[in-house]
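K.L.:
Residue numbers (my numbering), protein chains in the order written: chain L, 1 to 292; chain U, 1 to 224.
This is the structure:
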């Protein structure tokens, strides 16, 4: 960025074939990275006894986080598609409703929304006689499997609703931008070829919009996994909840920090490959590739 | 309705604390973000490598996990040093500001990177061939041209920070969400009015800023 024509570049070019492309000090850097990774591994190894006790529960929590995120993403897609079609609708009322949905959801913190769903709306519905846990429990009792219903089912239920309702608003904007990015000529052409509006959307516009939608969608999925950590405030036993549960009772500050670091590491292991994938999509599906 | 009026001053104090948190953290994030963006874009591996690792780690972990690490993890370590200054260093305020600033540093660094790469490379080349030093060509040529492109994402990220500052309520902060949780616990039978107040206050904060961001975005797009 600050780079001018540097002398090093020419020296590398001169030395090509004689000397590897990387300058000598760069090897030291990689050595240092390996040493640092080794130090971190040794740090983890020091706490191996505690770590091995906590790891199964942490992995189970990570699995719950992933499953919750996947279900929420599916519903968020649904909300987002409805919202986007609503915002592009011909009817003013539907346009207004979906605009209010997007603005209110995007203007307030996810934590407040989750608290509203779980402690606010959930409480009011419970007083009115609607309890998702007991409904699911009775349903599974009929199927002879009621032990499958977790105690925190209400947390799952309202947590997934809250997460998908929140991300639905973000997806709405992603979808809308994607649909609007498709050239108007495409719609006109398909309409003049005799397809009706619904067919045009389904067979012409959406398939082309998906290409634009995928990279921001992947990014949203990554942040959704991270934001599912907020479900720990509603007693859903996911990764962050497990981490906090192990860490806070620790009296030794070092092992307290270790458990938090271990939990964060689990998130990193999940999210980093996904962000690499997102960047790959961004490169592959970028506009430069489109008109080749 | 009486209840709403009686709790409103509390909520306004929370709102004030939310604003303070963000107004302190965001400039820090902008400053360090620029630093990390320059490091991450450098051709010197010793600068680029650590910056990329920091950005990836921060962007790969949830802000909830980060704030727990800073407040409880780091806090417990510092308390154990029995140094009277260090032991009092991590409060919910300092931990909140530190976490928000560090978290957004990584995101702002990416914003800077995207902004700089949107400026034509010929500009830097021209400045260098006119005899500007690399530093001059950055501060006199590249940065001034990037600023209009950078403003809309910065304003958007500031709104994100206003919302993300709600996590500070988890570590016993005193901002808007914490006030909300306090009153919801006290009036568990009828919590909805409190949620309404909090949501309206957050919207009063974020919606005008969002419109400003959109205005800038339109202006920038028109200018390009």
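We put the beta carbon where it would ideally sit given N, CA and C, even for glycine.
I'd like the list of long-range same chain contacts for residue 250 of chain L, defined as Cβ closer than 6 Å, with 5 residues on each side in sequence excluded.
P.N.:
The answer, listed in chain order, is 256.
K.L.:
Any idea if residue 46 of chain L is buried or exposed, counting beta-carbon neighbours within 10 angstroms, 16 or more meaning buried?
P.N.:
Exposed is the call here.
K.L.:
Check residue 82 of chain U in the structure and name its three-state DSSP category.
P.N.:
Three-state result, residue 82 of chain U: coil.
K.L.:
What is the residue span of the alpha helix (DSSP H) that residue 245 of chain U lies within?
P.N.:
This structure leaves residue 245 of chain U out entirely; chain U is present only between 1 and 224.
K.L.:
Can you pull the chain L residues whose beta carbon is under 7 Å from the beta carbon of residue 191 of chain U, in chain order?
P.N.:
Those within 7 Å of residue 191 of chain U in chain L are 119, 120, 123.
K.L.:
Excluding the five sequence neighbours on either side, which residues of its own chain have a C-beta within less than 8 Å of the C-beta of residue 146 of chain U, listed in chain order?
P.N.:
Around residue 146 of chain U: 112, 115, 116, 118, 119.
K.L.:
Does the beta-carbon of residue 197 of chain L have 16 or more other beta-carbons within 10 angstroms, so that it is buried, or is it exposed?
P.N.:
Counting Cβ neighbours within 10 Å, residue 197 of chain L comes out exposed, since fewer than 16 surround it.
K.L.:
Among U:14, U:60, U:47, which has the Cα closest to the Cα of residue 263 of chain L?
P.N.:
The candidate whose alpha carbon is nearest that of residue 263 of chain L is U:60.
K.L.:
Excluding the 5 residues flanking residue 137 of chain L on each side, which residues of the same chain have their C-beta closer than 8 Å to its C-beta?
P.N.:
Here the set comprises 146, 149, 153.
K.L.:
Do the segment 66 to 85 of chain U and the segment 167 to 183 of chain U touch if we need at least three Cβ pairs shorter than 8 Å?
P.N.:
Touching, per the Cβ criterion.
K.L.:
Whose CA, out of L:113, L:202, L:212, lies closest to the CA of residue 300 of chain L?
P.N.:
Because residue 300 of chain L is not part of the residues shown, which for chain L are 1 to 292, the question remains open.
K.L.:
For residue 4 of chain L, collect the residues of the same chain with a Cβ closer than 8 Å to its Cβ; drop the 5 residues on either side in sequence, then sort them by chain order.
P.N.:
Bear in mind that the predicted position of residue 4 of chain L carries a pLDDT of just 45, short of 50, making it unreliable; the figure below should be weighed with that in mind. Within the same chain, residue 4 of chain L has no close Cβ partners at all.
K.L.:
Going by other Cβ atoms of all chains shown within 10 Å of its Cβ, with 16 needed for buried, is residue 183 of chain U buried or exposed?
P.N.:
That one is buried.
K.L.:
Between the segment 144 to 165 of chain U and chain L, which residues of the former have CB atoms less than 9 Å from a CB of the latter, in chain order?
P.N.:
Residues 159, 162, 163, 164, 165.
K.L.:
Exposed or buried, residue 16 of chain U, counting other C-beta atoms within 10 Å across all chains shown (16 or more means buried)?
P.N.:
With fewer than 16 other Cβ atoms within 10 Å, it is exposed.
K.L.:
Quick one: is residue 13 of chain L buried, meaning 16 or more other Cβ sit within 10 Å of its Cβ, or exposed?
P.N.:
Residue confidence is low: residue 13 of chain L scores 43 on pLDDT, short of 50, so the model does not pin down where it sits. No coordinate-derived value is stated.
K.L.:
Helix, strand or coil: how does DSSP classify residue 59 of chain L here?
P.N.:
Helix, per DSSP.
K.L.:
Which chain L residues sit within Cβ distance under 7 Å of residue 80 of chain U?
P.N.:
By Cβ distance, chain L contributes 253.
K.L.:
Cutting at 6 Å between CB atoms, please list the residues of its own chain near residue 32 of chain U, excluding the five before and the five after it.
P.N.:
Same-chain partners within the cutoff: 105.
K.L.:
Quick one: is residue 117 of chain L buried, meaning 16 or more other Cβ sit within 10 Å of its Cβ, or exposed?
P.N.:
The residue is buried, with at least 16 neighbouring Cβ atoms inside 10 Å.
K.L.:
Using the three-state DSSP reduction, which class does residue 47 of chain L fall into: helix, strand or coil?
P.N.:
Reduced to three states, the DSSP call for residue 47 of chain L is coil.
K.L.:
Quick check on residue 89 of chain U: does DSSP put it in helix, strand or coil?
P.N.:
Of the three classes helix, strand and coil, the one that applies to residue 89 of chain U here is coil, per DSSP.
K.L.:
Hey, residue 205 of chain U and residue 20 of chain U: beta-carbon distance below 9 Å or not?
P.N.:
No.
K.L.:
List the residues of chain L that residue 199 of chain U touches, going by C-beta distances under 9 Å, in chain order.
P.N.:
Going along chain L in sequence order, the residues near residue 199 of chain U (Cβ under 9 Å) are 104, 107, 108, 112, 113, 116.
K.L.:
What is the rounded straight-line gap between the Cα of residue 217 of chain U and the Cα of residue 209 of chain U?
P.N.:
Near 12 Å, if we compare the C-alpha coordinates of residue 209 of chain U and residue 217 of chain U.
K.L.:
Using three-state DSSP, classify residue 174 of chain U as helix, strand or coil.
P.N.:
Here residue 174 of chain U sits in coil by DSSP.
K.L.:
Taking its Cβ as the centre, do 16 or more other Cβ atoms sit within 10 Å of residue 127 of chain L, making it buried, or is it exposed?
P.N.:
Classification for residue 127 of chain L: exposed.
K.L.:
Where does the unbroken alpha helix (DSSP H) through residue 166 of chain L begin, and where does it stop?
P.N.:
It spans 153 to 181 - the alpha helix (DSSP H) in which residue 166 of chain L sits, taken as one unbroken run.
K.L.:
Could you tell me how far apart the beta carbons of residue 88 of chain L and residue 176 of chain L are, in whole angstroms, since I believe they sit closer than 8 Å?
P.N.:
Confirmed, about 7 Å.
K.L.:
Given a threshold of 16 other Cβ atoms within 10 Å of its Cβ, counted over all protein chains shown, does residue 273 of chain L qualify as buried or as exposed?
P.N.:
Exposed is the call here.
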